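Residue numbering for the sequence shown follows our numbering, starting at 1446 and increasing by one per position.
Idealized CB from N, CA, C, for every residue including glycine.
Computed from a predicted structure; not experimentally measured.
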Amino acid sequence: MFLNAVIQGHTITVTLPPQVTPAGLPRASTSFTGRETEVESLLKELAPGGGTGAGPVSAVAGLAGVGKTELVVQAATRARRQPGWFPGGVLFVDMFGYDPLRRLSPGAALLGLLQALGLPGEYIPAGEQDRSALFRSVLAAYAAQDRRLLLVIDNAATAAQVTPLLPSDDSTATVITSRHTLAVGARLHDLDVLDVETSVRLLADQLEQLRGPADSRGHDEPQAAAEIAGLCAGLPLALNIAAGLLADPGTRTLASLAQALRAAHTRLDRLSREDRAVRAAFDLSYRQLSPTQARLFRLLPVNPGPEVGTEAAACLVDTDAHRAEALLTDLARAHLVEAGPGWGRWRMHDLVRLYAQEQAADADAPDAARARLFTYYVGATAAASAHLQPPSVAAELTASSVPQEALARIETTYGAAGQMQPPPVVATFSTREQALAWLETERPNLVAVCTTAGVHGHRTASIGLASLLHKFLSFRRYLSELITVTDSFRAICRQAGDRHGEGMALNNLGMALNEAGRSDEAVTAHTRAVELIIGQTGERHDEGMVLNNLGLALRAVGRFDEAITAHTRALDIYREIDARHSEGLALNNLGQVLRAVGRFDEAITAHTRAAEICRETRDRQGEGITWNNLGADLQEVGQHERAVTVHTWAVDVFSELDDRYHEAEAQHYLGSALQMVQRFDEAVAAHTRAVELFGETGDRHSEGLALTGLGLTLRRAGRCAEAATAHTRAAQVYRDTGDRGSEGTALSNLGVALQDAERFADATAAYEQAVQAYREAGDRQGEGVATNNLGNNLRAAQQSADAVVAHRRAADIFRAVGDRHREGKALLALCLALLDTGQAEEVRRHYERAIEAFAGVDEHESAALVQRWLVSLHPGAIPPEVIPPEFHQAAFVVLMRLAFAEARSGRPSLWGGPRAVRDPSDGSSAS
């Protein structure tokens, strides 16, 4: 092959080799894993015809140690093996762009490449520009002779280092790696860290490569391997070093290495071996930064959360958001930070974060940066939280960017003057949606500040944020975080001897515990809050608040009379100080406990009045809650059509407010009301929406309740197969959450649906599982219900002998727990099963027991009465004042079948003939 080129005004002719031996291309690792998608993407671009216009240029960028070079080597090796792709061969050059001692200039790199292409030294010009022109001519000559080449430029730091090396023909392919995102017109590939599963696999594969296939430690200690993968944060360089540390002695356990890496302050020291170290790799990138970039890099770890917003970063370096964005973009281009899921969000790799903390300098004034950052968070949270309050309350909160009175009290109590420093940016929100979006995005940071600010001496920020976040965390049902935040708040107050603050913290903690279903603990917290607040500070509104919330917890544990007292006291206080909005809240809570004790008319009155006050104070959320509670009251008194209307109002309000949890509750109640008026399709839609919303909020227990409501509605609509599916899902939810009692209820409901579908064997299995679940939960009454249902199913399946056993056991359980009503029901069912099996002689005795149970009188006192009934009654006569109407048909069937059985046996009937029966209630007679 001949090349004619013009160099410094002279035409030269050079004979080029037919193929280039892969110049310096490293050997591909055999333990490469987890990057198949990225390799395939590169190969697609490298394939003949894969590029457009000029020769295809691909650039792989990423954090130091993330595996850029290995990825490109793997792709180049596979591409070279493809027939016809690169018949001319592969050229590889390491630019050492981040090593100041070994960094190649473009001219030096071109010299090496031209020599690799076989050009004699005397024909290689001295100037960089001429070398670049010659290099491009050589590459074009190869391409023209169908000897296409692949050029790999590794570890470049700047576009200036790369541009002179780029081919000009439309065939030669180029792949570049860099820690920066270079503007060279290339197709960009950002390489991320490995996930845990892939990291574990890489660790095991690398260990086997170093020690041989007999070394199975990577597979023998899966938990330790996963921990090492997490501590290495998916960085291939760190994982390879970890494998080397394990391979050196050959006997070290993975658990031992994991333990050594746990200490964050020494982790980078541990992740080094021979000439490879994670810290050294980061050093090279850090040295490329300007002073202002480096300062922001060092201060970013001051933010305690997993990622930081542009405005928060601006507070760290005391600059405006535009300047901060430019600096963050520079750091992202250097892959020392990563862009978050949305624009304006930034995060650091765990090991880079540790490295940045090591570089911290006193001149950076980290405590001042922390003060500006925390003040920004408190002010922004106050502004955002105001949008969650009714307008009358919000007006007070938005008077200033930071709630000054509250913070002044905190600073005085805790001797914390000066902890809050004016930030360079201030967050404002024009709509509720913007405020909610900001709180949602910043939630991890805000929670982290609450729990860590006190450690750094910034208790003002910790207490201020804990108070402000309560509304949002409760609204979005982030209950575990709510408990964590309020518990931290309480600890700080107790340590400082702030009794009022501790009382308010306990009040918030009790609310969080109650919402999380830990109501006994909530009662304890609220009781202590009452002791600390009532009569201690003269803050009457706070006194009403702690009493009102105590009432909620007391209702949750079934202490209804005490709950009514607490809510009534709170109501009196609110009326005394003319706190209208709080009065509405107390009335709403009082109405709920009145409904719980069956005082439905009073509950309706309370909730109607509460709704009026919420409307008056423009509290849309409170209005929706009271409407929903009013609908529940109306259902209790049979006003189902009106309940449908009220629940629909509630659904509309919560949907408007994006209050998913309360919308789910309202949809659930709406479904129940629609079911009662036989609007089944609408009821199914409402329950289905409730299931979806509870699932979104993460409230698994309520999701199970909604699934149960859906199943019951589907069964009433005759859609038994779908009902069975809903109850099966409910049972799984309760099983996942460890609620065996509720699982038993779901399984029992499943059995009923399967029985209605005449799937008797499946129904039997469901009932038996329900019995076991109730037994393990210690719910004897539930066990009795499931056992009795099992008997009914067995009888329907014509297994009456087994049904006799089940009904007898159910009746014994109900008698033991004192549930005489259900005992009578089980005994009537037992009579029917005994008749099926021809045991008519036992029926009379069990029928007598059923009447005793329904009568609810002492056995000895009822004996004579029962005897008179049995002698005087003919088969069609039922004692209506004893047996509830819903069981009349069953009793009638028992009597009729017993009479027939006695007639067939030839024995005289014990029941006698028709005769007049005196009704003891009014002395009339009937025949």
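Three-state secondary structure (DSSP) of residue i
i       : result
LEU2032 : helix
ILE1978 : helix
PHE1537 : strand
VAL1502 : strand
ILE2022 : coil
THR1622 : strand
HIS2092 : helix
TRP1883 : helix
ALA1509 : coil
ALA1492 : coil
ILE1908 : helix
LEU1716 : coil
LEU1470 : coil
LEU1564 : coil
ALA1722 : strand
LEU1999 : helix
LEU2119 : helix
LEU1595 : strand
LEU1729 : helix
Which listed residue (the options) has its alpha carbon closest to that of residue i
i       : options                               : result
ASP1714 : LEU1744, CYS1677 and PHE1742          : CYS1677
VAL2230 : LEU2199, GLY2143 and GLU2268          : GLU2268
GLU1756 : ASP1650, ALA1674 and PRO1869          : PRO1869
LYS1916 : ALA1957, ALA1473 and ARG1944          : ALA1957
GLY1552 : THR1608, ASN1600, GLN1704 and ARG1718 : THR1608
PHE2005 : GLU2021, GLY1983, LEU2035 and LEU1977 : LEU2035
LEU1741 : ALA1628, LEU1761, LEU1729 and ALA1726 : LEU1761
ALA2278 : ASN2233, VAL1511 and LEU1647          : ASN2233
LEU1773 : GLN1738, ALA1806 and GLU1573          : GLN1738
HIS2113 : HIS1986, GLN2123, SER2147 and GLY2263 : SER2147
LEU1818 : GLN1574, ALA2242 and GLY1750          : GLY1750
LEU1977 : GLU1672, LEU1999, GLN2177 and GLU1947 : GLU1947
ALA1725 : LEU1508, SER2100 and ALA2255          : LEU1508
Exposure of residue i, with buried meaning 16 or more beta-carbon neighbours within 10 Å
i       : result
ASP2224 : buried
HIS1832 : buried
GLY2069 : buried
TRP1788 : exposed
SER1830 : buried
PRO1681 : buried
SER1577 : buried
SER2187 : buried
LYS1489 : exposed
SER1907 : buried
ARG2290 : exposed
MET1540 : buried
VAL2136 : buried
SER1644 : buried
LEU1470 : buried
Distance cut-off 7 Å: residue i Cβ against heavy atoms of the ligand ADP
i       : result
ASP1932 : This structure lacks the ligand ADP; in fact it carries no ligand of any kind.
Identity of the residues DSSP links to residue i by a beta bridge
i       : result
ARG2174 : For ARG2174, which the question treats as bridged, DSSP gives no partner whatsoever.
GLU2057 : The partner list for GLU2057 (beta bridge, DSSP) is empty, contrary to what the question assumes.
TRP1791 : VAL1753 and ALA1784
HIS1634 : VAL1505
ARG2160 : ARG2160 is not bridged to any residue.
ALA1601 : SER1623
Contacts around residue i, its chain only, beta-carbon distance under 7 Å, and the 5 residues preceding and following it disregarded
i       : result
ALA1766 : THR1755, GLU1756, ALA1759 and VAL1870
TYR2019 : GLY1989, SER2027, GLU2028 and ALA2031
LEU1781 : SER1730, PHE1742 and VAL1797
LEU1891 : TYR1822, THR1826, LEU1910 and LEU1914
Residues near residue i by beta carbon distance below 6 Å, same chain, minus five either side
i       : result
LEU2315 : In this prediction, LEU2315 scores a pLDDT of 44, lower than 50, which makes its location untrustworthy; no coordinate-derived value is stated.
GLY2189 : ALA2215, ALA2218, TYR2219 and GLY2227
ALA2222 : ARG2185 and GLY2186
GLU2047 : LEU2039
Close-in-space but distant-in-sequence residues of the same chain around residue i (CB under 8 Å, 5 per side omitted)
i       : result
ASP1965 : VAL2002
THR1617 : GLY1500, LEU1584, ALA1585, TYR1587, ALA1588, ARG1593, LEU1594, LEU1595 and LEU1596
SER1919 : LEU1927, MET1956, ALA1957 and GLU1960
ILE2009 : GLY1996, LEU2035, VAL2038, LEU2039 and VAL2042
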